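Asks: Structure incoming, see below.
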Amino acid sequence: MSGYVDPDLDSLVDTDGWLHTGDLGRLDADNYLYLSGRSKDIIIRGGENISCAHVAAALTTHPAVAEAIVVALPHAELGEQVAAAVTVRRGIPVSTDDLRAHAAKTLGRFQIPTRWWLRNDMLPTSASGKVIRRNVEAMWLERGATDLIEIDN
843 MSGYVDPDLD
853 SLVDTDGWLH
863 TGDLGRLDAD
873 NYLYLSGRSK
883 DIIIRGGENI
893 SCAHVAAALT
903 THPAVAEAIV
913 VALPHAELGE
923 QVAAAVTVRR
933 GIPVSTDDLR
943 AHAAKTLGRF
953 QIPTRWWLRN
963 DMLPTSASGK
973 VIRRNVEAMW
983 LERGATDLIE
993 IDN
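Just so you know, we're using the numbering used here here: the sequence shown kicks off at 843 and counts up by one.
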């Protein structure tokens, strides 16, 4: 028997026998492999590829940000837009303008989120404690994909 028990998984293997995992990386001059993320965690905004993890890491350097997750929301002209759901630390005032200015210090203009969801409550997580990206996207789309400010600092 060859292949996977689940026949749908066979489509992940190409004709040369390589498994498409969705991992992204690069080889250096000495052929060392460096993993940099997952293809599912990439936003394609008007032809620009944007790493969700890279944008989230930049946002979490702001002192008011407890956690951030970056997701793709639909955009009529660009295909996708960068959206950041941010858990804000209580007692530290912050606005979306503050976060945009902070992000502009390390991110390119096209990487700065255009939609913001500021909240005091932690984002929905799995049993292992990881934020469930698809749940955040779904919750946001249910609310109309607009800016959502739910903080009481």
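Backbone N, C-alpha and C define an ideal beta-carbon position, used for all residues, glycine too.
Remember, predicted model here, so these are calculated numbers, not experimental data.
1. Roughly how many angstroms separate the alpha carbons of W982 and P966, rounded to a whole number?
2. Under three-state DSSP, which class holds H904?
3. Pick out whichever of N873, Y876 and V897 has its Cα sitting closest to the Cα of I954.
4. Classify I886 as buried or exposed, calling it buried when 16 or more other Cβ atoms lie within 10 Å of its own Cβ.
5. In angstroms, rounded to a whole number, what distance separates the CA positions of D921 and P935?
6. Express the C-alpha separation of D883 and R976 in angstroms, rounding to a whole number.
7. Taking the straight line between their C-alpha atoms, what separation do you get for A925 and L901?
8. According to the neighbour-count rule (16 or more other Cβ atoms, all chains shown, within 10 Å of its Cβ), is I991 buried or exposed?
9. Could you give the distance in angstroms between the alpha-carbon of E909 and the alpha-carbon of D870?
10. With DSSP run on the structure shown, which of helix, strand or coil describes M843?
11. Does the separation of the CB atoms of V928 and W958 fall below 8 Å?
12. On the three-state DSSP scale, how would you describe R931?
Replies: In this structure, then:
1. Near 12 Å, if we compare the C-alpha coordinates of P966 and W982.
2. Three-state DSSP puts H904 in coil, outside helix and strand.
3. Proximity to I954 across N873, Y876 and V897 peaks at V897, based on C-alpha coordinates.
4. When all chains shown are included, I886 counts as exposed.
5. According to the sequence provided, residue 921 is Gly. The question's Asp does not apply to it. Using only the alpha carbons, I get a separation of about 33 Å.
6. So the two alpha carbons sit approximately 11 Å from each other.
7. Roughly 12 Å between the two C-alpha positions.
8. I991 is exposed by the Cβ-count criterion.
9. Answer to the nearest angstrom: the Cα atoms are 32 Å apart.
10. At M843, the pLDDT of 48 sits below 50, so the modelled position is not reliable and the matter cannot be decided from this model.
11. Closer than 8 Å, so yes.
12. Note: R931 maps to coil in three-state DSSP.
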